[in-house]
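Notes to accompany the following structure.
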Amino acid sequence: MILTFPYYVISGLSNATAILLLARLARVVRVFLATSGLRRFAARLGKVTLIAAIVVVVASLAAYQAEHATNSEFATVGDALWWGIVTLTTVGYGDIVPKTQAGRFCGVAIMITGIAVLGVLAGSLASLFNLEPVSDDENGDASTDAEHSVPAELAMLQAQLREVERRLGQLADAISTQGGNAE
Numbered sequence: 051m052i053l054t055f056p057y058y059v060i061s062g063l064s065n066a067t068a069i070l071l072l073a074r075l076a077r078v079v080r081v082f083l084a085t086s087g088l089r090r091f092a093a094r095l096g097k098v099t100l101i102a103a104i105v106v107v108v109a110s111l112a113a114y115q116a117e118h119a120t121n122s123e124f125a126t127v128g129d130a131l132w133w134g135i136v137t138l139t140t141v142g143y144g145d146i147v148p149k150t151q152a153g154r155f156c157g158v159a160i161m162i163t164g165i166a167v168l169g170v171l172a173g174s175l176a177s178l179f180n181l182e183p184v185s186d187d188e189n190g191d192a193s194t195d196a197e198h199s200v201p202a203e204l205a206m207l208q209a210q211l212r213e214v215e216r217r218l219g220q221l222a223d224a225i226s227t228q229g230g231n232a233e
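Just so we're aligned, residue 51 is where the sequence shown starts under the numbering used here, counting upward by one.
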């Protein structure tokens with residue numbers, strides 16, 4: 051409770067505010083990670099990030115080895131890593147371009163990895179928000195998996211409604227019978 055106190059109302063705590071702000075942010079992150087969907091999302095994204103980082107580092111170093119002797123744009127390993135990151139993120143500034151076959155092959159590997167990362171990110175976000183992909187069933191109607199479970203739930207609700215109607219009918223009969231005896 052004290053860590054989330056509105057510290058900004060007290061003047062003179064400017065140095066301590068950064069620490070308290072981090073404590074508040076940590077609390078928000080803890081709340082977000084409490085949900086299973088976000089934990090799955092973070093785990094999936096962590097694995098993809100690790101694989102993408104490995105591909106970028108290995109392919110960038112291989113491109114540096116292939117290019118630095120003949121291509122002045124790959125002057126340092128830092129230049130090669132810059133090129134790899136720009137290629138992975140699909141930004142593609144064009145300031146550094148591989149000219150050898152091996153360098154271009156490394157570029158293709160990074161490009162495919164970048165597209166895969168974007169696909170996994172989009173799919174993970176969709177599953178986080180429970181957006182199921184639309185599929186065609188036998189009748190050609192577009193529907194989702196969630197819609198396939200709706201008829202079963204609807205049938206159960208209809209059965210419960212029939213039971214309530216039956217009991218209300220019995221109650222109405224009992225009331226009318228008692229009302230007829232009283233007269």
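From the three backbone atoms N, C-alpha and C, an ideal C-beta is built for every residue, glycine too. From a predicted model like this one, the values you see are computed outputs, not experimental measurements.
Report the residue ranges of all alpha helix (DSSP H) runs contained in full by the region 126-181; include only those spanning at least 4 residues, in chain order. 127-138, 151-178
Closest to residue 114 by CA distance: which of 174, 216, 157 is it? Position 64 of the sequence shown, counted from the start, is the residue given in the question as residue 114. Nearest C-alpha to residue 114: 157.
Test item: CB-CB of residue 234 and residue 105 under 7 Å: No answer is possible for residue 234: it lies beyond the span of the chain, which begins at 51 and ends at 233.
Return the CA-CA distance between residue 109 and residue 159, expressed in angstroms with no decimal places. Walking along the sequence shown from the start, residue 109 turns up at place 59. Walking along the sequence shown from the start, residue 159 turns up at place 109. Going from the Cα of residue 109 to the Cα of residue 159 covers about 7 Å.
What is the DSSP secondary structure of residue 51, counted as helix, strand or coil? As a working note, residue 51 is residue 1 in the sequence shown. For residue 51, the pLDDT reaches just 44, beneath the cut-off of 50, and the residue's location in the model is therefore unreliable, although a value from the coordinates is still provided. The answer is coil: DSSP assigns residue 51 none of H, G, I, E or B.
Close Cβ partners of residue 140 (< 6 Å) along its chain, the five nearest in sequence each way excluded: Locating residue 140 in the sequence shown gives position 90, where the first residue counts as 1. The residues are 164.
Inter-residue Cα distance where the pair is residue 218 and residue 85: Counting from one through the sequence shown, the residue named residue 218 turns up at place 168. Counting from one through the sequence shown, the residue named residue 85 turns up at place 35. Approximately 42 Å, taken between the alpha carbons.
Just mark residue 138 as buried or exposed, buried being the case when its beta carbon has 16 or more other beta carbons within 10 Å. Taking the sequence shown and counting its residues from 1, the one referred to as residue 138 is at position 88. Buried, because 16 or more other Cβ atoms sit within 10 Å of the Cβ of residue 138.
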